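Colleague: Here it is, the structure in full.
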Amino acid sequence: MRIAVYPGTFDPVTYGHLDILQRAVVLFDRVIIAVASESNKETLFSLSERQELLQEEIKDINNAEVSSFSGLTVNFARKCGAVALIRGLRAMTDFEYEFQLALMNKKLDPNIDTVFLMTKSDYSFISSSAIKWAASLKGSISEFVPPQVEKALLQKYNKNV
Ligand code: COA
């Protein structure tokens with residue numbers, strides 16, 4: 614069984630993340646979405662909220678599951694028996710950071726490779742931060758996040774839903 618770990622902050626999950634996941638589940642037998650409990654970014658959603666929002670979106674995908682981790686991503690991946698980490702690439706601007714992260718992870722565990730999938734062009738310009746910013750200013754975000762996530766964002770920003 615070929616297992617992959619898809620790590621991220623997912624604050625919150627977007628259609629961009631789900632696009633990457635839908636393609637990863639075709640390539641691997643099992644994909645574990647690993648929500649980072651610690652992040653160098655301040656998160657809007659708690660760890661359990663980020664996991665619950667993801668859980669709702671993946672419930673129909675048989676070979677995907679949501680988990681969380683702290684510490685090194687490669688340590689978590691090794692414990693899961695994963696052979697790969699999945700990362701989405703949106704634009705050239707992602708490349709330098711992702712290249713550095715992938716090489717660092719490879720040094721930390723030479724048995725785990727990073728597999729990059731190109732984000733669908735419709736979502737190549739979005740990020741969780743941009744969506745949060747737009748939502749906080751009452752901008753429409755329904756094109757970028759599933760309805761449950763939109764609702765959760767609007768609740769966070771205290772709007773009537
Ligand atoms: N479509 C749309 N947006 C996407 C996307 C896609 N396909 N893929 C990523 N993004 C966005 C995210 O929404 C996020 O936006 P934000 O910065 O506005 O929140 C941004 O791209 C990148 O976030 P994410 O994918 O969550 O990655 P990250 O850079 O926050 O890294 C970890 C998260 C968990 C992978 C990383 O911090 C990590 O590995 N931490 C553990 C410690 C470790 O092992 N470090 C490495 C060795 S030192």
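Counting with my numbering, you get residues 614 to 774 for the letters of the sequence shown.
Where a beta carbon is used, it is the ideal one built from N, C-alpha and C, also for glycine.
Remember, predicted model here, so these are calculated numbers, not experimental data.
#1: To the nearest angstrom, how far is it from the Cα of E756 to the Cα of A765?
#2: Quick one: what's got a C-beta closer than 7 Å to R643's C-beta in the same chain, skipping five residues either side?
#3: Any chance you could list the alpha helix (DSSP H) runs of at least 4 consecutive residues sitting entirely within the stretch 670-749, in chain order?
#4: Mind the definition here: the stretch 629-649 touches the stretch 665-676 only if three or more C-beta pairs lie below 8 Å; say whether that holds.
#5: Are there 16 or more other CB atoms within 10 angstroms of the CB of V639, so buried, or fewer, so exposed?
#6: Do R700 and T727 have their C-beta atoms closer together than 8 Å?
#7: Cα-Cα, which of L730, S740 and T622 is closest to S659?
#8: What residue does the alpha helix (DSSP H) around P760 start on, and which one ends it?
Modeller: Reading it off the structure:
#1: 15 Å
#2: M614, I616 and N676
#3: 686-693, 705-721 and 741-749
#4: yes
#5: exposed
#6: yes
#7: T622
#8: P760 to K769
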